[in-house]
Amino acid sequence: MHLSIISIASELILASFAVPVLVLARYAVASRPDSYVGNELLCSNGTHILLVPYGRGWRALRKAVQAILNVTAVDRLLPVQEAEASQTLFELMTTLRKGFTHIRRYSTAVILISVFGQRGASYKAPKVQAL
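Residue numbers for the sequence shown follow the working numbering, beginning at 18 and rising by one.
This is the structure we're talking about:
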């Protein structure tokens with residue numbers, strides 16, 4: 018009986034010390050580990066939301082993504098996605114050999130329209146190549 022009281026007391030003492038440490042370090046604990054390959058080689062300057070550590074940069078990227086992908090914006094983009102899907106199916110039926118290129122054009126065209134409001138008609142279009 019006496020031992021169980023001591024263990025409960027020691028757990029309470031440890032918990033009381035752990036709470037301030039976890040509260041102060043919650044951002045460091047919640048953040049992604051730093052990745053040289055991801056943050057320096059693939060996407061420099063913290064430009065990819067999946068690779069950015071938690072902080073002001075991540076919150077700014079998240080706010081931008083939420084503005085682009087809210088319910089009304091997604092509803093407006095559905096006809097565009099359907100039109101691009103129809104174009105991609107036509108391209109796949111006519112030139113199946115370039116199937117991978119057609120799929121890449123589709124995804125890039127949807128991104129161009131949803132983010133920049135411009136269409137990439139073909140994979141060789143300068144705007145598609147720049148993205």
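Glycine included, C-beta positions come from ideal geometry on N, C-alpha and C.
With respect to the 7 Å criterion, His119 and Leu109 are classified as neighbours on the basis of their beta carbons. In the three-state scheme derived from DSSP, where H, G and I count as helix and E and B as strand, Pro50 is classed as coil. The C-beta of Gly137 has 16 or more other C-beta atoms within 10 Å across all chains shown, which makes the residue buried.
Judged by DSSP in its simplified three-state form, Ser139 adopts coil rather than helix or strand. Three or more Cβ pairs closer than 8 Å define a contact, and the region 84-99 falls short of that threshold against the region 58-70. Here the C-alpha atom of Gly72 lies approximately 44 Å from the C-alpha atom of Phe107.
For Phe107, the enclosing alpha helix (DSSP H) has its first and last residue at 88-111.
The alpha-carbon of Thr105 is positioned some 55 Å away from that of Pro37. In summary, Glu57 is exposed, with fewer than 16 beta-carbon neighbours lying within 10 Å of its beta-carbon over all protein chains present. Ala126 has its alpha-carbon roughly 14 Å from the corresponding atom of Phe117.
Asn56 sits in a helix when the DSSP states are folded into three classes.
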